[in-house]
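Here the structure is laid out as structure tokens; the discussion comes afterwards.
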Amino acid sequence: MLSNNLKRFRKQKGLTQENVAEALNVVRQTISKW
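The opening position of the sequence shown corresponds to residue 1 in full-length UniProt numbering, with each subsequent residue numbered one higher.
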């Protein structure tokens with residue numbers, strides 16, 4: 001599903017949830033809910 005694809009892509013790029021959250025200007029908890 002989308003959440004699995006996002007997680008796999010994030011990990012392949014070596015990004016943390018915090019990195020993605022900062023880039024999208026949201027809190028980390030928002031990313032964890034995806």
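Beta carbons are placed, not taken as given, at the ideal position from N, Cα and C, and that holds for glycine.
Quick one: what does DSSP say Lys13 is sitting in, helix, strand or coil? coil
From Leu2, Lys11, Ser32, residue whose alpha carbon lies closest to that of Ala21: Ser32
What separation, rounded to the nearest whole angstrom, lies between the Cα atoms of Leu15 and Ala23? 11 Å
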